[in-house]
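Participant:
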Amino acid sequence: MQQSINPRLVAGFVIAGFLVISLVTQQDEMLGYQAKHAARRAVLGKYRSDRMYQEEMRQKSIEGFKNNPHRKEFLKKHPGFLKANPHLR
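Each residue of the sequence shown is one higher than the one before, counting from 62 in the working numbering.
Have a look at this one:
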């Protein structure tokens, strides 16, 4: 006698397999998200907030512009630049 395979049993295994695969891939995505944000928090660790970080980067860019050796050439080419950006004087 040959036994036939129960189609409900096969369907159950197929559905269970799909569920396991979807859970595993979701877990990988969550791990990637968590790792990315953990790295970001480590970089921002010395800053209490994103606002402090943005302010420090703004100050660095202003200092960089003021100390740029090509600043005079740039201002000759763009005469209205300092009027539009008085904080860079």
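Beta carbons are placed, not taken as given, at the ideal position from N, Cα and C, and that holds for glycine.
1) For a test of the three-state rule: what should DSSP assign to His131, helix, strand or coil?
2) Contact defined as beta carbons within less than 8 Å: I believe Ile123 pairs with His148. What is the distance between those atoms, to the nearest angstrom?
3) When DSSP labels each residue in this structure, what does Ile66 get in the three-state scheme?
4) Determine the DSSP secondary structure at Arg150, reduced to helix, strand or coil.
Facilitator: So, from the listed chains and residues:
1) If DSSP states are grouped into helix, strand and coil, His131 belongs with coil.
2) Contact annotation, Ile123 with His148: C-beta distance approximately 7 Å; criterion of less than 8 Å satisfied.
3) It is coil, neither helix nor strand.
4) Note: Arg150 maps to coil in three-state DSSP.
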